Structures are given as structure tokens and as C-alpha cells.
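First up is the structure itself, then whatever we jot down about it.
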Amino acid sequence: MTTPLPDADRPARAAVAPRIVRVLLAPLPRRLSADAAVLLAVVLFLVMFGLVMVLSASSVDSRIDSGDSFTVFLRQASFAAVGVPLMLLAARMPATLWARLSGPVLLVGCALQLLALVTPLGVTVNGNRNWLELGPLTFQPSEIVKAGIVLWLAMFLAQRERRLGEMRGAVLPTLLVPGAAIGLVLLGGDLGTAMILLAVVVGALYFAGVRMRHLLLVVGVIAVAVVIAAISRPSRLARIGAFLDPASADPGDDGYQTLNGYYALSDGGVFGAGIGGSKEKWAWLPAVDTDFIFAIVGDDLGFIGACTVLALLIVLAIVFARMTRGAQTIHQRVLTGAVMTWILGESLVNIAVVLGLFPVLGVPLPFVSAGGTALLSALVMVGAVVSTSRSASAPSER
């Protein structure tokens, strides 16, 4: 038999849920900067645009796999329905919270990544063992690792502010923890995500203000490590060979995905075939709703649609740069700069792969590609950027 709660405790506990609802539904404060408002607006538009493109790109494969054309779309929409409120909630949190969360988030991400590597819960997709299956839920722990690394870098470099000019005092210690986490991702075979994480580390060091000669040394070491990792697998060598010499690539094997991406972009022309009009999504183009969704944007919406996406990414770059330049603390500047490197780095790599300017890596287009874990982590980190900008503009906030 359960003991009833004291009357004094009931109002306090009953008020918790309404308080959370009020936080979510309340308008953002007036001290929200114009840059932060534009950032949120562009991200929300990209999320809605992404849902439309995911529906268009995935409808055929969803029908083939599950008998329902809306399976992938509904899953992505459910993650967006969770992620957008989380972003708005994160935007209202105090900046000090993110420093406290950095260690736990990174630790949880690494623990889940380790589970994916060494337990039967791990799932191999396209040769990469970076997925974890827990009951009906399948997700990528590397996306949690990504958010954890961003938060940890901002916290750690802010603590080392007075020693940022020292190689041993700041730069080398900064590389240890992220290096171990990135190593776990690389053990799973996901070179694309590992490269984005390495870029995030370099970006964080740059925005923290470390000496340029130290930064160039780090970049050189990372470049050597990436080359070694790239040539360590025959499948990666084949992709690099197809990129370096497209004419000799087998159109039915190594050059198949890139070639069909070209077809999608060329079929779209200037105005596109219209939403849902793409031919390449009819089981011709692999990873059509994830890594190569930009090709479907070009096919459905043409050159104008592709340029619209590029224009929105340019707006994001300008807004992130303005917020980074206006940061009042090392923590805010590193966090904003690291998130900028993450979002824009993934975007540039994804689009460059589709255009044939980069070997196929398997990197999604942020906010647009299908992928629930990637969408949630990116949205929460955008909220964290807005949170730190609000706290900086209102020092009296507690």
C-alpha cells in the first residue's frame, strides 16, 4: 500500500509540469539579439524545408521497404517535433548550465559509442559500426559525442584562458579528451564524422585565440592522421580513386552514386521537376534522403532551389560570424565558433560530395537530411548558442 504524499508536497510537484510548459510556450525575451533571432528563423525554415525534401526523397524507398510512403518522413517529423521545443528550451537556459553539462554529455556519448562497438547492440550500416539499437530506437551515438565535444571544448578552453599561448599548458591538454572520443568514432569506421569532429577541434582552438604556429602544427598532424585513415581501407581508396579520376571509375560500382547525383542535378534544370518529381529517387540514387538529399533538391527545385539552400547557408555563416565576433567571453566565442564549424563544415562537405568536389564520405546536410539523432543534436546546440548570446547580453540574468 502506497503512502500518500503530504499535502505540502503536492502543489510543488504538480507545478513542475506547468512550469516546463510555460517555459516552452512563453515568447523569447526581448533581449534576444537580432542575430540570434535570424539564426533561429533560418534554422526553423531549414527544418521545415528538410521535412518536405525528406518526404519527396524517401517516399519510394519507404514504400518498397515498409509498404508506406510516409515511414521515413513521419519518423523525421517526430524528431523535429521533439527537437524544435528542445532548441527553444535550450535557448532559455543559463550559459553556466552548458559548462556543467559538458562532462556528462561527452561521457554518455562515449559510453554509448563504446556499446555500439563492442556489444551486440551495435549495428553496422554501410560498413560503419556507429549505430546503436535499443529496442525500437536506432540512433548514432557519434552525434551525442559531437555535442559533448563542442561543450567540453568551450568549457575547457575557457578555464585555460590565461594559458592559451602555451602549447603544453593549453593546446596539448585540449587535444587529449576530444582525441580519445574521436578515436572511438573512427574505430567504428565513420571517417566522415571523425573529420568533422577534427575540424570542430581546430575551429575551437582558432576561436579561442591560440597562437597560429601552434594551430598550424595541430592542423598538420591532423592532416597526416586523416591521410593514414583514408588509405587504411580498400573501400576508401576506391572512393578516392573515383574522385581523382571520374572517367575511369566504374559507373556501376565506385562511380555509381556520384554519377546518379549528377543526373539528378542535371535533370532539375533551372526550375526543377517540382516537389516529388525527381526520377533518381526511384531506387537509382543510394542514400537519397540522407547523404545525397541535395541532389534531390536540385532535381525537384532546380538551380533556383539549390541556390536558395546555398543562400540560407551563407546567411547562417554571416550570423554565426557576427555572434562569434561579438562574444563577450571565451566560453561563448568557442561554443559559437565550434557549432559554426560543425554546421557549415557538414554542409560544405555534403554539397561538395554531391557536386563531385569531394570523395563520398557519408556526411548529412544539417537540418535537411533524414536522421533523427543528427537533427536533435544540431538543434540543441543552436539553442545553446542562443543561450550564451542571451546571457552575454544580459549579465544580470541568473
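Each residue of the sequence shown is one higher than the one before, counting from 37 in the working numbering.
Beta carbons: idealized from backbone N, C-alpha and C, even for Gly.
Bear in mind the structure is a predicted one, so any value in this text is a computation, not a measurement.
For the alpha helix (DSSP H) containing residue i, name the first residue and the last one.
i      : result
Asn162 : Looking at the DSSP string, Asn162 is not in any alpha helix (DSSP H), and its letter there is neither H nor E.
Gly245 : No alpha helix (DSSP H) holds Gly245; DSSP gives it neither H nor E.
Glu382 : 366 to 390
Phe356 : 329 to 361
Pro270 : 270 to 280
Decide if residue i is buried, meaning its Cβ has at least 16 other Cβ atoms within 10 Å, or exposed.
i      : result
Trp318 : exposed
Phe109 : buried
Ser14  : This structure leaves residue 14 out entirely; the chain is present only between 37 and 434.
Ala181 : Per the sequence presented here, residue 181 reads as Val, with Ala not at that position. Val181 comes out buried.
Pro402 : buried
Pro518 : The requested residue 518 does not occur in the structure, where the chain is confined to residues 37 to 434.
Val263 : exposed
Glu382 : buried
Val260 : exposed
Val421 : buried
Ala140 : First, the amino acid is wrong: residue 140 is Pro here, not Ala. Pro140 should be labelled exposed.
Phe192 : buried
Ile340 : exposed
Leu173 : exposed
Ala126 : buried
Ile329 : buried
Arg426 : buried
Phe307 : exposed
Ala300 : buried
Phe436 : The question about residue 436 has no answer here: the residues shown for the chain are numbered 37 through 434.
Leu187 : buried
Gln368 : buried
Pro270 : exposed
Ile218 : buried
Gly398 : buried
I'd like to know whether the C-beta atoms of residue i and residue j end up nearer to each other than 9 angstroms.
i      : j      : result
Ala465 : Arg111 : Residue numbering for the chain in the displayed model covers 37 to 434; residue 465 lies beyond these limits and cannot be assessed.
Val78  : Val355 : yes
Arg165 : Ala152 : yes
Ser423 : Pro121 : no
Thr229 : Val396 : no
Val385 : Ala183 : no
Leu321 : Ala331 : yes
Leu220 : Leu150 : yes
Ile379 : Leu352 : yes
Leu189 : Val237 : yes
Gly86  : Val404 : yes
Val207 : Leu251 : yes
Quick check on residue i: does DSSP put it in helix, strand or coil?
i      : result
Phe175 : strand
Glu197 : helix
Leu168 : strand
Gly119 : helix
Gly205 : helix
Gly308 : coil
Gly158 : strand
Trp134 : helix
Ser69  : coil
Thr326 : coil
Gly297 : helix
Lys182 : helix
Ile264 : helix
Ser105 : coil
Val396 : coil
Met129 : coil
Ala319 : coil
Asp97  : helix
Ser425 : helix
Gly219 : helix
Gly404 : Reading off the sequence shown, one finds Val at residue 404, where the question assumed Gly. It is coil, neither helix nor strand.
By how many angstroms is the C-alpha of residue j removed from the C-alpha of residue i?
i      : j      : result
Ser268 : Asn162 : 16 angstroms
Ala117 : Arg199 : 43 angstroms
Met359 : Ser98  : 40 angstroms
Val324 : Phe175 : 19 angstroms
Leu212 : Leu227 : 19 angstroms
Val88  : Leu76  : 19 angstroms
Leu233 : Ala388 : 18 angstroms
Leu68  : Asp303 : 43 angstroms
Gly373 : Ala240 : 6 angstroms
Gly462 : Trp134 : Absent from the structure is residue 462, since the part of the chain shown begins at 37 and ends at 434.
Val370 : Met84  : 28 angstroms
Asp335 : Leu391 : 13 angstroms
Ser94  : Arg249 : 46 angstroms
Gly338 : Ala278 : 26 angstroms
Met123 : Val418 : 7 angstroms
Gln364 : Pro177 : 32 angstroms
Gly313 : Gly297 : 15 angstroms
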